Amino acid sequence: METQYEKIYSGNFIVVQLLVSRLEDAGINPIIKDESQIGLSAVLVSDYQGLIDLYVNENEIDKANAIVQATLAEMATE
643 METQYEKIYS GNFIVVQLLV SRLEDAGINP IIKDESQIGL SAVLVSDYQG
693 LIDLYVNENE IDKANAIVQA TLAEMATE
């Protein structure tokens, strides 16, 4: 049986890291895909402007989308 993953978010490194943490806390194991082909070191993180894609198993898409939306809404009010 093949597992399908769907993209749920595309954004900067810091937001993706926050979302990964929240998703993992909910028992979801997301996959991060960085198209830039550069390694992120401590020096590069502050200058890194590329978008990173976040994927989850299609079976967890509804739960994951709810977490992403709640997190982004929370960030918008800060």
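No gaps in the numbering here: position 3 of the sequence shown is 645 in our numbering, and each next residue is one more. C-beta atoms are modelled at their ideal positions from N, C-alpha and C, and glycine is treated no differently. This one's a predicted model, so the numbers in the text were calculated from it and none came from an experiment.
Problem - Distance, residue 692 Cα to residue 707 Cα - result: On the sequence shown, position 65 is the one that residue 707 refers to. On the sequence shown, position 50 is the one that residue 692 refers to. Straight-line Cα distance between these residues: approximately 22 Å.
Exercise for the section: Count the other C-beta atoms from every protein chain shown that fall within 10 angstroms of the C-beta of residue 601, then say buried if there are 16 or more, exposed otherwise. Expected result: Any property of residue 601 remains undetermined from this structure, which presents the chain solely from 643 to 720.
Handout entry: Which of helix, strand or coil DSSP assigns to residue 696
Key = Start at 1 with the first residue of the sequence shown, and residue 696 comes out as number 54. Looking at residue 696 - three-state DSSP - the assignment turns out to be strand.
Handout entry: Per-residue burial, residue 674 [other beta carbons within 10 Å of its own, 16 or more giving buried]
Key = Taking the sequence shown and counting its residues from 1, one reaches residue 674 at position 32. Exposed, because fewer than 16 other Cβ atoms sit within 10 Å of the Cβ of residue 674.
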